[in-house]
Amino acid sequence: AQRVTQPEKLLSVFKGAPVELKCNYSYSGSPELFWYVQYSRQRLQLLLRHISRESIKGFTADLNKGETSFHLKKPFAQEEDSAMYYCALRGGSQGNLIFGKGTKLSVKP
Amino acid sequence: DGGITQSPKYLFRKEGQNVTLSCEQNLNHDAMYWYRQDPGQGLRLIYYSQIVNDFQKGDIAEGYSVSREKKESFPLTVTSAQKNPTAFYLCASSYNRGGFNNEQFFGPGTRLTVL
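Sequences listed follow chains R and P, in order. Using this note's numbering, read the first sequence as starting at 20 and increasing by one per residue. Using this note's numbering, read the second sequence as starting at 192 and increasing by one per residue.
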């Protein structure tokens with residue numbers, strides 16, 4: 020079964036601390052993975068995708084096929100990073116996104 | 192922002208009533224989607240449409256209906272058969288599958304409350 024698991028509902032860190040939001044997936048084919056972010060009072064928006072191997076707002080995510088993970092990392096968290104983060108997998112014949120349940124990141128001053 | 196709009200922002204419904212949520216996009220996207228967002232549940236796919244006059248059920252289609260008569264519009268009707276309709280509803284659109292450019296763009300959402 021295709022599934023995305025985000026084990027932490029809430030992650031709280033202090034400003035300047037490293038942050039890692041965990042994402043594990045279950046998919047039989049070659050996965051395509053994304054991180055979406057929803058800041059307070061804003062729309063859900065794409066943060067990054069594994070295929071681009073990019074760093075956005077200091078965040079990176081590496082696809083680890085052996086561990087079936089796509090964890091989101093940032094070395095020094097900022098208060099403006101506080102938001103809801105969703106990991107998503109493109110799966111199925113229609114290529115629809117399968118979302119995890121989300122992790123709320125709270126960065127304290 | 193812009194490009195994909197949803198209306199109304201807030202909607203209140205009495206039990207037993209059908210209500211329709213609007214979703215419009217001017218991005219020339221082929222595909223459109225409806226999700227339901229509940230606390231602790233993430234986003235769950237209700238319906239999606241890859242092209243005009245065609246749509247498919249998602250994971251939680253029961254109690255919902257859609258139409259796709261125009262490329263720009265994908266309205267969602269929440270029927271009285273939906274047992275727990277109070278939720279935040281998100282519409283999204285994207286170019287069709289088949290490439291790496293089909294990022295989904297989301298609307299601002301509609302919060303539906305059943306009184």
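Glycine included, C-beta positions come from ideal geometry on N, C-alpha and C.
Can you check DSSP and say which residues form a bridge with Thr122 of chain R? Reading the first sequence from its first residue, position 103 is the one you call residue 122 of chain R. BP columns for Thr122 of chain R point to R:Tyr104.
Tell me Leu30 of chain R's beta-bridge partners as DSSP assigns them. Start at 1 with the first residue of the first sequence, and residue 30 of chain R comes out as number 11. Note: Leu30 of chain R sits in a beta bridge opposite R:Leu124.
Contact check, Tyr105 of chain R vs Leu234 of chain P under 8 Å by CB: the rounded distance? The count along the first sequence starts at 1 and reaches residue 105 of chain R at position 86. The count along the second sequence starts at 1 and reaches residue 234 of chain P at position 43. The Cβ separation is near 7 Å, so the contact holds.
When the Cα of Ala36 of chain R is compared with those of R:Glu27, R:Lys93, R:Asp81, which residue comes out closest? The count along the first sequence starts at 1 and reaches residue 36 of chain R at position 17. The shortest C-alpha separation from Ala36 of chain R is found at R:Lys93.
Among residues of its own chain, excluding the 5 on either side of Glu27 of chain R, which ones have a beta-carbon nearer than 8 Å to its beta-carbon? Counted from its first residue, the first sequence places residue 27 of chain R at position 8. Contacts found: Leu40, Lys41, Thr122.
Rounded separation between Phe279 of chain P and Arg62 of chain R - CA only: The residue you call residue 279 of chain P lines up with position 88 of the second sequence. The residue you call residue 62 of chain R lines up with position 43 of the first sequence. If I take the Cα positions, the gap works out to 12 Å.
CB contact below 8 Å: Lys120 of chain R versus chain P: Along the first sequence, one-based indexing puts residue 120 of chain R at 101. Yes, its Cβ sits closer than 8 Å to a Cβ of chain P.
Hey, would you say Leu202 of chain P sits closer than 8 Å to Thr270 of chain P, going by beta carbons? Residue numbering aside, residue 202 of chain P sits at position 11 when the second sequence is read from its first letter. Residue numbering aside, residue 270 of chain P sits at position 79 when the second sequence is read from its first letter. No. Outside cutoff.
Ala222 of chain P versus Lys34 of chain R - alpha carbon distance: In the second sequence, residue 222 of chain P corresponds to position 31, counting from 1. In the first sequence, residue 34 of chain R corresponds to position 15, counting from 1. The straight-line gap from Cα to Cα measures roughly 39 Å.
Just the Cα atoms here: how many angstroms apart are Asn115 of chain R and Trp54 of chain R? The residue you call residue 115 of chain R lines up with position 96 of the first sequence. The residue you call residue 54 of chain R lines up with position 35 of the first sequence. Asn115 of chain R and Trp54 of chain R: Cα-Cα distance of roughly 14 Å.
If distances are taken between C-alpha atoms only, which option among P:Val210, P:Ser284, P:Asp229, P:Lys248 comes closest to Ser264 of chain P? Position 73 of the second sequence, counted from the start, is the residue given in the question as residue 264 of chain P. Out of P:Val210, P:Ser284, P:Asp229, P:Lys248, P:Ser284 has the C-alpha closest to the C-alpha of Ser264 of chain P.
Count the other C-beta atoms from every protein chain shown that fall within 10 angstroms of the C-beta of Asn292 of chain P, then say buried if there are 16 or more, exposed otherwise. For this step, residue 292 of chain P is matched to residue 101 along the second sequence. With a pLDDT of 45 at Asn292 of chain P, under the threshold of 50, the modelled position of this residue cannot be trusted; read the value that follows with caution. Asn292 of chain P comes out exposed.
9 Å Cβ cut-off: residues of chain R touching Pro299 of chain P: The count along the second sequence starts at 1 and reaches residue 299 of chain P at position 108. Here the neighbours are Gln61, Arg62.
Name, please, each residue of chain P whose Cβ falls closer than 9 Å to the Cβ of Lys127 of chain R. The residue labelled residue 127 of chain R in the question sits at position 108 within the first sequence. Within chain P, no residue comes near Lys127 of chain R; the closest Cβ sits about 21 Å away, beyond 9 Å.
For Lys28 of chain R, which residues in chain P fall below 8 Å Cβ to Cβ? Taking the first sequence and counting its residues from 1, one reaches residue 28 of chain R at position 9. For a Cβ distance threshold of 8 Å, residue set Gly231 of chain P lies close to Lys28 of chain R, ordered along the chain.
Suppose the cutoff is 6 Å on Cβ atoms and the five residues either side in sequence are ignored; what does the same chain contact list for Gln247 of chain P look like? Reading the second sequence from its first residue, position 56 is the one you call residue 247 of chain P. These residues qualify, in order along the chain: Tyr239.
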